[in-house]
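See below for the structure under consideration.
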Amino acid sequence: MPKTVHLLNGPNLNLLGQREPEVYGANTLADIEARCAGLAAQLGLALLCRQSNHEGVLIDWVQAARAAADGLVINPGGLTHTSVALLDALNAFDGPVIEVHLSQIHRRESFRHHSYVSLRADGVIAGLGPEGYEAALRRMATLMG
Ligand code: CA2
315 MPKTVHLLNG PNLNLLGQRE PEVYGANTLA DIEARCAGLA AQLGLALLCR
365 QSNHEGVLID WVQAARAAAD GLVINPGGLT HTSVALLDAL NAFDGPVIEV
415 HLSQIHRRES FRHHSYVSLR ADGVIAGLGP EGYEAALRRM ATLMG
């Protein structure tokens with residue numbers, strides 16, 4: 315049985331490639347998910363990709379992952395910096411969690427420097443653009459190997 319990774323993206327990441335390319339790059343979320351699907355296949359991982367603009371939906375998906383996923387890769391978007399509830403949900407997930415940010419959040423506004431999700435994450439990637447998701451999947455494969 316292949317190990318299963320859920321790739322979750324939070325609010326506004328559906329707008330990738332449509333606005334602020336100087337910050338978030340020119341790739342759409344569909345482009346990124348397609349690259350991740352190809353890499354996951356090479357790594358022998360099963361991958362499920364989801365995006366929501368709604369905190370409660372993301373929390374439901376993290377809870378569902380308890381029974382359905384071996385690992386989580388998550389870009390929580392702006393919820394990174396605000397959501398104790400998302401952290402609580404991640405704390406109830408037993409497998410590895412890797413937090414990804416397209417931008418280098420520590421070089422941006424000070425409110426982006428703190429991440430609730432980092433209190434749970436086994437790894438944090440920021441500033442590598444779409445390659446950050448691929449790095450996260452490679453790390454997942456190592457952790458699950
Ligand atoms: O760098 C990242 O990946 C972020 O998680 C992106 C979030 C931001 O709030 C975090 O601080 C860092 C925002 C995602 C918004 O994405 C957009 C993409 C295109 C156009 C507008 C927003």
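Under our numbering, the first residue of the sequence shown is numbered 315, with each subsequent residue one higher. No residue lacks a Cβ here, since even glycine has one placed at the ideal position from N, Cα and C. These figures come from a predicted structure and were not determined experimentally.
Report, in whole angstroms, the separation of the C-beta atoms of residue i and residue j, which I expect to be a contact under 8 Å.
i, j, result
"T318", "A360", "4 Å"
"L404", "V411", "6 Å"
"P316", "G358", "6 Å"
"H415", "I388", "Their Cβ separation, rounded to whole angstroms, is 10 Å, which puts H415 and I388 out of contact at 8 Å."
"R324", "L372", "According to the sequence as given, residue 324 is Gly; it is not Arg. Right, their Cβ atoms sit about 6 Å apart."
"G441", "G339", "No, G441 and G339 are not in contact; Cβ-Cβ is about 11 Å, not under 8 Å."
"V398", "Y430", "6 Å"
"G437", "R453", "6 Å"
"N326", "G391", "6 Å"
On the DSSP bridge assignment, give the partners of residue i in chain order.
i, result
"I412", "V387, G437"
"N323", "Q365, N389"
"A360", "T318"
With a 10 Å radius around its C-beta and 16 neighbouring C-beta atoms as the bar for buried, classify residue i as buried or exposed.
i, result
"Q365", "buried"
"A406", "exposed"
"V376", "buried"
"H320", "buried"
"A378", "exposed"
"G459", "exposed"
"H334", "The sequence given here has Glu at residue 334, not His. By the neighbour-count rule (16 or more Cβ atoms within 10 Å), E334 is not buried but exposed."
"E336", "exposed"
"S424", "exposed"
"N393", "According to the sequence shown, residue 393 is Leu rather than Asn. When all chains shown are included, L393 counts as buried."
"R434", "buried"
"A450", "buried"
"L329", "exposed"
**Segments of 4+ residues assigned as alpha helix (DSSP H) that fall wholly inside the stretch 364-397** = With a minimum length of 4 residues, the continuous alpha helix (DSSP H) runs that stay inside the stretch 364-397 are 369-382.
**Item:** Validate contact between the stretch 420-439 and the stretch 343-360 using beta carbons, cut 8 Å, 3 pairs
**Value:** Counting C-beta pairs with one atom in each stretch, the stretch 420-439 and the stretch 343-360 have fewer than three that are closer than 8 Å, which means they do not touch.
**Asked** Would you call the stretch 335-343 and the stretch 375-384 touching, i.e. three or more CB-CB distances under 8 Å?
**Response** When C-beta atoms of the stretch 335-343 are compared with those of the stretch 375-384, fewer than three pairs fall below 8 Å, so the two segments do not count as touching.
**Message:** Threshold first: 4 residues or longer. Then list the alpha helix (DSSP H) segments lying entirely within the stretch 331-358, N to C.
**Reply:** Listed in chain order, the complete alpha helix (DSSP H) runs (minimum 4 residues) inside the stretch 331-358 are 335-338, 343-357.
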